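Residue numbers (this note's numbering): 4 to 71.
All residues carry an ideal CB built from backbone N, CA and C; glycine is no exception.
No experiment lies behind these values; they were computed from the predicted model shown.
Notes to accompany the following structure.
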(Lines of atoms letter the chains of each structure in order from A and count residues from 1; the text may use other names and numbers.)
(Lines give C-alpha, C1' and ligand atoms only; values in the text may rest on other atoms or scores of the structure.)
Protein backbone atom coordinates (compact mmCIF):
# COMPACT_ATOMS: atom_id res chain seq x y z
CA UNK A 1 0.00 0.00 0.00
CA UNK A 2 2.57 2.58 1.12
CA UNK A 3 6.29 2.33 0.61
CA UNK A 4 8.68 3.71 3.19
CA UNK A 5 11.31 6.21 2.08
CA UNK A 6 14.08 3.73 2.85
CA UNK A 7 12.44 1.13 0.59
CA UNK A 8 11.96 3.64 -2.23
CA UNK A 9 15.61 4.67 -2.01
CA UNK A 10 16.74 1.04 -1.90
CA UNK A 11 14.69 0.19 -5.00
CA UNK A 12 15.47 3.42 -6.86
CA UNK A 13 16.14 2.97 -10.54
CA UNK A 14 17.65 6.38 -11.20
CA UNK A 15 14.39 8.31 -11.36
CA UNK A 16 14.05 11.33 -9.06
CA UNK A 17 12.12 10.97 -5.81
CA UNK A 18 8.46 11.96 -6.17
CA UNK A 19 8.20 13.35 -2.66
CA UNK A 20 10.38 16.16 -1.35
CA UNK A 21 11.27 16.65 2.29
CA UNK A 22 12.61 19.67 4.21
CA UNK A 23 11.68 22.13 1.49
CA UNK A 24 9.08 24.36 3.12
CA UNK A 25 9.27 28.04 2.08
CA UNK A 26 10.64 30.43 4.70
CA UNK A 27 7.35 32.38 4.85
CA UNK A 28 5.47 29.15 5.70
CA UNK A 29 8.01 28.27 8.41
CA UNK A 30 7.63 31.73 9.94
CA UNK A 31 3.84 31.47 9.93
CA UNK A 32 4.05 28.10 11.71
CA UNK A 33 6.36 29.78 14.23
CA UNK A 34 3.69 32.40 14.96
CA UNK A 35 0.96 29.76 15.28
CA UNK A 36 3.02 27.76 17.76
CA UNK A 37 3.88 30.93 19.67
CA UNK A 38 0.16 31.76 19.97
CA UNK A 39 -0.73 28.25 21.10
CA UNK A 40 2.10 27.80 23.60
CA UNK A 41 2.08 31.28 25.13
CA UNK A 42 -1.56 32.44 25.32
CA UNK A 43 -1.41 34.03 28.76
CA UNK A 44 1.72 36.09 28.28
CA UNK A 45 1.41 39.83 28.83
CA UNK A 46 2.95 42.21 26.34
CA UNK A 47 3.70 45.87 26.90
CA UNK A 48 3.61 47.01 23.28
CA UNK A 49 3.01 50.39 21.83
CA UNK A 50 0.90 50.92 18.72
CA UNK A 51 3.86 50.67 16.31
CA UNK A 52 4.85 47.25 17.69
CA UNK A 53 1.31 45.98 17.08
CA UNK A 54 1.38 47.25 13.46
CA UNK A 55 4.82 45.73 12.90
CA UNK A 56 3.79 42.34 14.28
CA UNK A 57 0.62 42.21 12.18
CA UNK A 58 2.56 43.18 9.04
CA UNK A 59 5.21 40.51 9.68
CA UNK A 60 2.58 37.85 10.30
CA UNK A 61 0.77 38.73 7.07
CA UNK A 62 3.99 38.62 5.03
CA UNK A 63 5.37 35.52 6.77
CA UNK A 64 8.37 37.34 8.27
CA UNK A 65 9.85 36.95 11.76
CA UNK A 66 10.84 40.58 11.97
CA UNK A 67 11.49 43.73 9.98
CA UNK A 68 15.16 44.07 10.77
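Cβ neighbour criterion (16 or more within 10 Å) applied to residue i
i          : result
residue 34 : buried
Endpoints, alpha helix (DSSP H) assigned at residue i
i          : result
residue 37 : 29-43
Of the listed residues the options, nearest to residue i (C-alpha basis)
i          : options        : result
residue 39 : 57, 71, 28, 63 : 63
residue 23 : 36, 32, 8      : 8
residue 61 : 25, 26, 30     : 30
residue 68 : 57, 36, 42, 44 : 36
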